[in-house]
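Q:
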Amino acid sequence: MKSYIDIHTHYQGQGTAPDVVNIYSWRIGREAVPPFPFAAGIHPWDASMSANDLFKDVCGCNALAIGEIGLDYSPAHKDNAKIQQDVFYTQLEIASLRGLPVIIHCVKSFSDTMAALRTHCIPISILHGYIGSIQQAEEALRNGCFLAFGPRSLASPKTVEVIRRLPADRMFLETDTNNCDIRDIYARTAEIRSTKTDDLRLTIYNNFKTVFKHYDRMA
Ligand SMILES: [Zn+2]
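Residue numbers for the sequence shown follow the numbering used here, so the first one is 1180 and each next one is one higher.
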């Protein structure tokens, strides 16, 4: 049986289960390089501290994906929106040059995020911690996004409707900052979609192989 994929976690303690593959989210500038498979990026909350050294890490590290990167226009973070945009766009260009998928943090910034993906010709990306409407999900799919759902997504009624209706071949699941078991998130998602956990597991594993074609070489 194929592995469970936790596409986005900040817990270094995850990954002990043999049937789970975790993609750790390394916050460049905040933490040392992790010793296991990771995505790497300058988080929008860290945009004001970004310096050339941080971009060097984005360019040179052994990452499976660039992320999490993005735009956060929530009241606590929107003051430096312009800096966030510069840092995000630069990293989209790096991802494009390196041929790596992108994992995106998008909070109250949906239309700017979609515009950026189109402008920078990003063919495949993952909107992590998706919370939103069916209409936004449809637009994201048209822009090449996969949607990743975590515990907060499952607590949002309109997002549960997206989870129910999204084509399975555009879906990932994640634990993010929650210290919980990804296998429980698979079970709850399978229940919402009236499918078997094993079928969901196989589909998401295939999604992983589609997006992370380079995984076998690097892990
Ligand atoms: Zn995160």
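Ideal placement from N, C-alpha and C gives every residue a C-beta, glycine not left out.
Fair warning: this is a prediction, and the values are worked out from it, not measured in the lab.
Could you check what DSSP says for Leu1279 in three-state terms: helix, strand or coil?
A: Residue 1279 sits at position 100 when you count from the first residue of the sequence shown. In the structure shown, Leu1279 sits in coil (DSSP, three-state: anything other than H, G, I, E or B).
Q: Can you list, in chain order, the residues of its chain whose CB lies under 6 Å from that of Asn1357, leaving out five sequence neighbours each side?
A: Position 178 of the sequence shown, counting from 1, holds the residue named residue 1357. So the list reads Pro1330, once near-sequence residues are dropped.
Q: Is Asp1265 helix, strand or coil by DSSP?
A: Translated into positions along the sequence shown, residue 1265 becomes position 86. In this structure, Asp1265 counts as helix in the three-state DSSP scheme.
Q: Can you tell me whether Leu1352 is buried or exposed? The criterion is at least 16 other CB atoms within 10 Å of its CB, across all chains shown.
A: Position 173 of the sequence shown, counted from the start, is the residue given in the question as residue 1352. Leu1352 should be labelled buried.
Q: Just list the residues that DSSP pairs Tyr1183 with in beta bridges.
A: Sequence index remark: in the sequence shown, residue 1183 carries index 4 (1-based). Val1199.
Q: Under 7 Å from any heavy atom of ligand 1, does the C-beta of Ile1374 make it?
A: The residue you call residue 1374 lines up with position 195 of the sequence shown. Checking the displayed sequence, the identity of residue 1374 turns out to be Thr instead of Ile. Thr1374 Cβ: outside cutoff for every heavy atom of ligand 1.
Q: Where His1222 and Leu1250 are concerned, what is the direct C-alpha to C-alpha distance, given to the nearest angstrom?
A: Mapped onto the sequence shown, residue 1222 falls at position 43. Mapped onto the sequence shown, residue 1250 falls at position 71. Cα to Cα, His1222 sits roughly 9 Å from Leu1250.
Q: Give me, in chain order, the residues of the same chain whose beta-carbon lies closer than 6 Å to that of Ser1204; leave out the 5 immediate sequence neighbours on both sides.
A: Along the sequence shown, one-based indexing puts residue 1204 at 25. Excluding positions up to five away in sequence, the list reads His1187, His1189, Ala1218 and Glu1247.
Q: From Thr1382, Thr1374 and Ile1184, pick the residue whose C-alpha is nearest to that of Arg1343; which is it?
A: On the sequence shown, residue 1343 is found 164 positions in, with the first residue counted as 1. Ranking the options by Cα distance to Arg1343, first place goes to Thr1374.
Q: So for Asp1432, helix, strand or coil by DSSP?
A: No statement about residue 1432 is possible, as the shown extent of the chain runs from 1180 to 1398 and does not include it.
Q: Let me make sure I understand the geometry here. Which of Asp1360, Pro1280 and Asp1225 has the alpha-carbon closest to that of Ala1132?
A: What the structure shows of the chain is the stretch from 1180 to 1398, and residue 1132 is not part of that stretch, so it cannot be assessed.
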